[in-house]
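Undergrad: Submitted below is the structure of interest, expressed as structure tokens.
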Amino acid sequence: MPSPPTDPDLRLAVTTRAETFERLRERLAPHGIAVEHVQPDERVLRVDTADATGAGDATDEFDGFDAGWVYPSRLMEGAVLDTHLGVPWVNGRDATLASRNKAGTLAALSAAGLPVPETRLVSNPVDDEAVLAAADEVGYPVVVKPNSATRGVGVAKATDPDSLLGVTDYLDLVHDYRATGDKSFLLQEFLPGATDYRAMVVDGDYAGAVERRLPAGALAEGRWKHNVHRGAVAEGVALDDPARELAERAAEALDIPLLGVDLLETDGRLVISETNARPTVDEAHKYRDGFDADVAALVRRTARR
Numbered sequence: 000m001p002s003p004p005t006d007p008d009l010r011l012a013v014t015t016r017a018e019t020f021e022r023l024r025e026r027l028a029p030h031g032i033a034v035e036h037v038q039p040d041e042r043v044l045r046v047d048t049a050d051a052t053g054a055g056d057a058t059d060e061f062d063g064f065d066a067g068w069v070y071p072s073r074l075m076e077g078a079v080l081d082t083h084l085g086v087p088w089v090n091g092r093d094a095t096l097a098s099r100n101k102a103g104t105l106a107a108l109s110a111a112g113l114p115v116p117e118t119r120l121v122s123n124p125v126d127d128e129a130v131l132a133a134a135d136e137v138g139y140p141v142v143v144k145p146n147s148a149t150r151g152v153g154v155a156k157a158t159d160p161d162s163l164l165g166v167t168d169y170l171d172l173v174h175d176y177r178a179t180g181d182k183s184f185l186l187q188e189f190l191p192g193a194t195d196y197r198a199m200v201v202d203g204d205y206a207g208a209v210e211r212r213l214p215a216g217a218l219a220e221g222r223w224k225h226n227v228h229r230g231a232v233a234e235g236v237a238l239d240d241p242a243r244e245l246a247e248r249a250a251e252a253l254d255i256p257l258l259g260v261d262l263l264e265t266d267g268r269l270v271i272s273e274t275n276a277r278p279t280v281d282e283a284h285k286y287r288d289g290f291d292a293d294v295a296a297l298v299r300r301t302a303r304r
């Protein structure tokens, strides 16, 4: 376990216990930043801030922080936690919401003149004829993906009208449950053989990238999704200037300080497929020299807001 900074002058609240937390704690310690976990979910959160007598503060665990890393992904709990902490976030609620809305992000990027895959947003419920017409416009095979899911969950490839309607039938079953949140989904062009990159942009500047690849065995089985959580590997790569500039332009267009930008490259095309305002911080060797110092500077600038 990494040692905390001996004399920290800033405390950063991080609401995840995943790899990013451990890496931030270790790598920001030399910069005088204490990284501490604040749990937003799978617990009981007190909503009021006074004790039973109406005096004093019952939220000591949230006291003394200077900044937050990224706004919690579960917005209801996040609102309570945000109030208790009372700190600025590196990526706040608006950034989290904007990046989670895949269609809204792609629309904003396209409006800014940046290349994205041909995509249609289906605001369910929609009749079969409308879905099939949209798929014909995009062209088969077509990728079907939930508008606001993460980690590749629910993404499928349809090769013809029958397989597409099979996927949308399952979506209709899920959406029959009234508590289901976002019912929209995307129909997006499939880019065969595309190379899949995740570029990191910190405070407007390209900071490094990984290429996500499927093992040979997975490719032989016909798998195509390059998601690390489904078995792909992420290897550090040096992007060329056009890809670096495209990632930076995406972060500028969305006005998000810390952004993962997913790029697909194939047949001379380079497009932005998605963005992530809650990006995983990877191993240090996958980023440029000075990455940790740049992140520390961004945290400090956030704390001064």
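Here numbering that gives the first Met the number 0 is used: the first residue of the sequence shown is 0, the next is one more, and so on.
C-beta atoms are modelled at their ideal positions from N, C-alpha and C, and glycine is treated no differently.
Rounded to a whole number of angstroms, what is the C-alpha to C-alpha distance between D288 and Y205?
TA: 12 angstroms
Undergrad: Hey, would you say R197 sits closer than 8 angstroms to D291, going by beta carbons?
TA: no
Undergrad: Is S98 helix, strand or coil when you go by DSSP?
TA: helix
Undergrad: Kindly identify the DSSP beta-bridge partner or partners of Q187.
TA: T118 and V142
Undergrad: Does the distance from the C-beta atom of L113 to that of L269 stay below 8 angstroms?
TA: No; because the gap between Cβ atoms is not below 8 angstroms, this pair is not in contact.
Undergrad: Looking at the structure shown, is V294 part of a helix, part of a strand, or coil, going by DSSP?
TA: helix
Undergrad: I'd like to check one pair, N146 with L311: are the Cβ atoms closer than 8 angstroms?
TA: With the chain represented from 0 up to 304, any question about residue 311 goes unanswered, as that position is not in the structure.
Undergrad: Residue ranges of each beta strand (DSSP E) run of no fewer than 3 residues wholly in the segment 200 to 230, ordered along the chain?
TA: 204 to 212
Undergrad: If you count every other CB in all the chains shown that lies within 10 Å of the CB of L258, and 16 or more means buried, which is it?
TA: By the 10 Å Cβ count, L258 comes out buried.
Undergrad: Could you work out which residue in F61, A17, E18 and D40 is closest to L11 when comparing CA atoms only?
TA: F61
Undergrad: Counting only the same chain and skipping the five closest in sequence on each side, list residues whose C-beta sits under 6 angstroms from that of D210.
TA: In the sequence on display, residue 210 carries Glu and not Asp. These residues qualify, in order along the chain: Y196, E234 and V236.
Undergrad: Helix, strand or coil for R24, going by three-state DSSP, please let me know.
TA: helix
Undergrad: Which residue from K224, P71, L170 and G103 puts its Cα closest to that of D40?
TA: Nearest option by C-alpha distance: P71.
Undergrad: At a cut of 8 angstroms, does the segment 183 to 193 reach the segment 276 to 286 through at least three beta carbon pairs?
TA: no
Undergrad: Taking the beta carbon of D127 as the centre, do at least 16 other beta carbons fall within 10 Å, making it buried, or is it exposed?
TA: exposed
Undergrad: Name the residue from P256, A17, E264 and V43 whose alpha carbon lies nearest to the alpha carbon of P87.
TA: Selected option, being the one with the closest Cα: P256.
Undergrad: With which residues is H319 paired in a DSSP beta bridge?
TA: Only positions 0 to 304 of the chain appear in this structure, which leaves residue 319 out of reach.
Undergrad: Determine the burial state of R24: buried for a count of at least 16 other Cβ atoms within 10 Å of its Cβ, exposed for fewer.
TA: buried
Undergrad: Residues in its own chain within less than 7 angstroms of K156 by CB, not counting five upstream and five downstream?
TA: P140, V142, F189 and W223
Undergrad: To the nearest angstrom, how far is the alpha carbon of A242 from that of D59?
TA: 45 angstroms
Undergrad: Cutting at 6 angstroms between CB atoms, please list the residues of its own chain near E117, excluding the five before and the five after it.
TA: V137 and E188
Undergrad: In angstroms with no decimal places, state the Cα-to-Cα distance between L297 and H83.
TA: L297 and H83: Cα-Cα distance of roughly 22 angstroms.
Undergrad: By a C-beta neighbour count over all protein chains shown, 10 Å radius and 16 as the cutoff for buried, is S122 buried or exposed?
TA: exposed
Undergrad: Alpha helix (DSSP H) containing R268: first to last residue?
TA: No alpha helix (DSSP H) holds R268; the beta strand (DSSP E) holding it covers R268 to N275.
Undergrad: Select from V227, T15, P191 and W68 the residue whose C-alpha is nearest the C-alpha of V152.
TA: V227
Undergrad: Select from A193, V79, G221 and D202 the residue whose C-alpha is nearest the C-alpha of D266.
TA: A193
Undergrad: Can you give me the Cβ contacts of D293 inside the same chain, cut-off strictly under 8 angstroms, excluding the 5 residues immediately before and after it?
TA: V201, D202, D204 and A206
Undergrad: Could you pull the start and end residues of the beta strand (DSSP E) that L262 belongs to?
TA: Its beta strand (DSSP E) spans residues L257 to T265.
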